[in-house]
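Input: a single structure, listed below in structure tokens.
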Amino acid sequence: MKLNSKKVTTQKSAAELCNFLADVKNFETLMPENISKFEVIRENAFVFALKGMPEIALEVKEVEKPNKIVLGAISDKIPFTLTGNIEEVSENSSTVELLFEGEFNAMMAMMVKGPISKFIDTLASNLEQV
Numbered sequence: 001m002k003l004n005s006k007k008v009t010t011q012k013s014a015a016e017l018c019n020f021l022a023d024v025k026n027f028e029t030l031m032p033e034n035i036s037k038f039e040v041i042r043e044n045a046f047v048f049a050l051k052g053m054p055e056i057a058l059e060v061k062e063v064e065k066p067n068k069i070v071l072g073a074i075s076d077k078i079p080f081t082l083t084g085n086i087e088e089v090s091e092n093s094s095t096v097e098l099l100f101e102g103e104f105n106a107m108m109a110m111m112v113k114g115p116i117s118k119f120i121d122t123l124a125s126n127l128e129q130v
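Residue numbering for the sequence shown follows UniProt numbering, beginning at 1 and increasing consecutively.
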């Protein structure tokens with residue numbers, strides 16, 4: 001299953017945005033309002049939970065400065081990645097689009113598609129504010 005967020009423009013250069021996303025503690029500011037847990041578990045990993053959903057642990061898997069950052073699930077139970085594709089617009093702005101890719105059976109994909117789409121769009125919208 002592949003889902004894309006809307007492409008948003010930020011008031012950060014591509015390098016600044018990449019550095020911001022590579023620092024996992026910054027994800028707390030991007031989370032939706034219905035977050036029930038956020039905890040940095042090591043320098044490149046964090047755990048979060050939204051109300052009514054199981055906890056998800058993510059870690060930084062790859063950083064290609066300044067254009068790409070890949071976060072991946074730590075658990076093999078729900079294998080997925082969340083990729084931020086960053087494009088420089090000017091010296092002080094860039095665009096970012098989030099791409100979610102996960103391997104789910106058809107039933108699970110049907111159940112999670114809506115909440116995950118909403119989640120990545122919220123992350124993208126919140127990136128516009130940073």
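C-beta: ideal position from N, C-alpha, C; glycine also.
With fewer than 16 other Cβ atoms inside 10 Å of its own Cβ, S90 counts as exposed.
Per the C-alpha coordinates, the member of S75, M1 and F20 positioned closest to G84 is F20. Check the Cα spacing between L127 and each of K12, L99 and I74: the tightest is with K12.
For the set P32, E62 and T10, the Cα lying nearest the Cα of F48 is the one of P32. A Cβ-Cβ distance of about 4 Å is found for the pair P66 and A14, placing them in contact under the 8 Å criterion. Our two residues, I78 and S125, have alpha carbons roughly 25 Å apart in a direct line. Closest in C-alpha terms to S93, from the list L58, E64 and E16, comes E16.
Minimum Cα-Cα distance from A57 among the listed residues L3, V24 and T95 corresponds to V24. Our two residues, Q129 and V8, have alpha carbons roughly 10 Å apart in a direct line.
In terms of Cβ geometry, I69 and C18 form a close pair [threshold 8 Å]. Counting of Cβ neighbours within 10 angstroms places S5 among the buried residues, the total reaching 16 or more.
Cβ contact annotation for E28 (same chain, cutoff 7 Å, sequence separation greater than five): F38, in chain order.
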